[in-house]
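Working notes for the structure below.
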Amino acid sequence: MRDDDSLTTIGRLSSASLSQLLDESLRIGQRVTGAPIIWCALLEGGTLRMRSHLGLRHEDLAKDWRLDIGEGIGGKVISTGVPALVYDYAAHPNRVVDPVGQAGARRRVHVTESLRCSMLVPLGTDGGGIFGLMVFASRESGAFGSEDLASAREVCAVSSAAIGSRLAQEAGQRDAARRRSPAERLLAAVVDRVVAHDDISGGVDLLGSFLGCGVRLVDSSGEVVAQHGDVTLSDTLGLAVPDGERAPGILGFSEDVVSDGLSPELMENVVAVFGAALARERRTLESDIGERSRLFERLLSAPVGHRERIQCTALLGLDPRGSVQVTAVGPPTDDPRHADLIRLTDRVVRMGTVTTAKPLVVLHGDTVVVVATESDTDLSMFEGMLSRRWPELNFGRSGVVDVSELPQAVDDAAFALEVARLRSPGERVVFDDMLADDLVASFFRPSAVHRLTKEILGPVIRDGERGIDYITTLHTFFACNRRLDRAAEELHLHVNSLRYRLTKIEELTGRDLRDPDDIFLLEAAARLAVASASLAPEVADPSGESPS
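Count the sequence shown with our numbering and you get residues 1 to 548, in order.
Spelled out as structure tokens, the structure:
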């Protein structure tokens, strides 16, 4: 499937970093060929190393993947320069087969990811030779044909020119760096680490090591992005970006760095590098989250055909046959930092809160939703890491369901989040563990709870301490299925004392505990009154005044 606009986009990315260029090439390659899984490997000292990927579920395998020239299918494509179309990987004679008991990362990518069919196309230019490999893969055998291979070759031809040019620029920059002063080499190293390799933490470490002091990079939400050493701030520099965006953060030092012999011009350049990196990270995240969220909403919408559902789940990195669990995250009120929540959640996920696969982070309406595979993710650990950074956050978690039941799981998590918000800041609620009182109270906002309880139990509530005892009595009476003996035992009262209290409640409310309609209203009001005492204390204020 030809997509000239997409192919042209690659050629316009001359100012992008190598990692950005690789990522964009893969996204366009996926769009043009329809391949659900795609990765790019570059030659480093005669060995192919995976540098970017889309659609793989196991990132640790991608990081360890290695292949020598001439070895396996990919190695032979590199050595010959001839693309390969593999209809069934398991049956191909040139595949890498590790000795028994020594399964390596090369084989484990195909085996663990259950890859069957693939297209392997070399990356290279006429002047620079072959420098890498792009692999388009599917979990279905025979998924690609000759027309798909032609599209893949076209993508790789355009990508090769852009990537080859970028690699040549980096080589020239490395040569020029050898002739620079120590301060200039520092700036070049920071630029290379932060911009070319998209490694902000590495750039902070380089800066701190060179200066011999602690360095801390904080974003606009106050979250520490990276830190080198122990930092008791002595000097801070605000990060600014040239295009007039709001300052994305602060760079702090444990010493007065400018007075220690570093020129103000150098520090201005360093500040500009980190400011631009944080601004770019924010824009990239917003774009990625937007795309993911659109796919997610498409997956949740009904009706969605079977083929479209499989496509959406694959693009989101979910196994259509697997199980998932959903956590909905939100502040308890309209917190002004709400806009920073999605960025903070995504950063915590990327820090490594899981054993194998990363959770999926999306925006569902105004709520941040995290979808995790049940076998690979410890959601309690993730929630703990996030709440340590933002203690007031509430969490609502669904049960474990099949991916096909994801829409219901999202609703359950959102429902549990609303209950957590009613309880108190920092509360976490699991949908499967919710109590009957939670379910009743969650149907009402605090103002509605107040109106209902005031209308039915108002005279009781206004009776001060005795009124609170009466409400507890009524709630316990219904919880014991209206059995006087059990309720009296639970309340440590004589049965006659319990009868007196119930009679008094009837007199105060004008309700009859033998009338089915009155029984329903009194039980609902008692449940809401008891729940609201912990969910929203002002609702059950004995003064009877409306909550502000």
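Note that CB positions come from ideal geometry on N, CA and C, so glycine has one too. Note that the coordinates shown come from a computational prediction; the quantities given were computed from them, not determined experimentally.
Check	Outcome
Candidates S301, G249 and S263, of which the one nearest E281 by Cα	G249
Per DSSP, cross-strand counterpart(s) of E24	According to DSSP, E24 bridges with nothing at all.
Stretch-stretch touch, CB-based, cutoff 8 Å, three pairs: the stretch 113 to 123 with the stretch 27 to 46	yes
C-alpha distance - K63 paired with L42, whole-angstrom precision	13 Å
Whole beta strand (DSSP E) elements within the stretch 127 to 201, 3-residue minimum	129 to 138
As assigned by DSSP and simplified to three states, the class of A328	strand
Distance, T476 Cα to L528 Cα	13 Å
Counted within 10 angstroms of its Cβ, other Cβ atoms place D219 as buried (16 or more) or exposed	buried
Terminal residues of the beta strand (DSSP E) in which S398 lies	From DSSP, S398 is part of no beta strand (DSSP E); its letter is neither H nor E.
Proximity below 8 Å, CB of L67 to CB of F144	no
Backbone CA spacing between E291 and A168 [nearest angstrom]	32 Å
Beta bridge counterpart(s) of V218 as assigned by DSSP	V224 and I250
Reference D23; option with closest CA among H58, D198, V190 and G128	D198
Cα-Cα separation between E268 and R343, rounded to whole angstroms	26 Å
Straight-line gap, A540 to L522 (C-alpha atoms, nearest Å)	Note that A540 scores a pLDDT of 41, beneath 50, so its modelled location is shaky and nothing firm can be said.
Option nearest L149 by Cα separation, candidates I310, R166 and G29	G29
Helix, strand or coil at E56 [DSSP, three-state]	Checking the sequence shown, residue 56 turns out to be Leu, not Glu. Reduced to three states, the DSSP call for L56 is coil.
Nonlocal neighbours in the same chain, by C-beta distance under 7 Å from C312, ignoring five residues either side	L295, R298 and L299
Span separating the alpha-carbon of M381 from that of E265	43 Å
Burial state of F253, where buried means 16 or more other Cβ atoms lie within 10 Å	buried
Cβ-Cβ distance between E383 and T327 below 8 Å	yes
Sufficient close CB pairs (3 or more, under 8 Å) joining the stretch 154 to 165 to the stretch 182 to 196	no
CB contact flag (V329, T345, <8 Å)	yes
Three-way DSSP call (helix, strand, coil) for E44 in this model	strand
Contact belief for L315 with L360 at Cβ below 8 Å, rounded distance in angstroms	About 11 Å; that fails the 8 Å criterion.
Spatially closest choice to A413 from N481, D515, Y89 and V371, by CA coordinates	V371
Beta-bridge pairing of H364 - partner residues as DSSP gives them	T367
8 Å Cβ cutoff met for I200 and L186	no
Presumed contact (8 Å Cβ cut-off) between L457 and T509, rounded CB distance	7 Å
Endpoints, the beta strand (DSSP E) within which D68 is located	R66 to D68
Other residues of its chain near D230: CB distance less than 7 Å, five sequence neighbours each side excluded	G214
Outcome for S17 when other beta-carbon atoms lying within 10 angstroms are tallied against a minimum of 16	buried
DSSP state of V410 mapped onto helix, strand, coil	helix
Nearest-angstrom Cα separation, counted from E223 out to P242	Note that P242 has pLDDT 45, beneath the 50 cutoff, so the model's placement of it is unreliable and no number is given.
Selection from E392, A525 and A416 that minimises the alpha carbon distance to V369	A416
Bridge partners - C117, DSSP secondary structure assignment	S138
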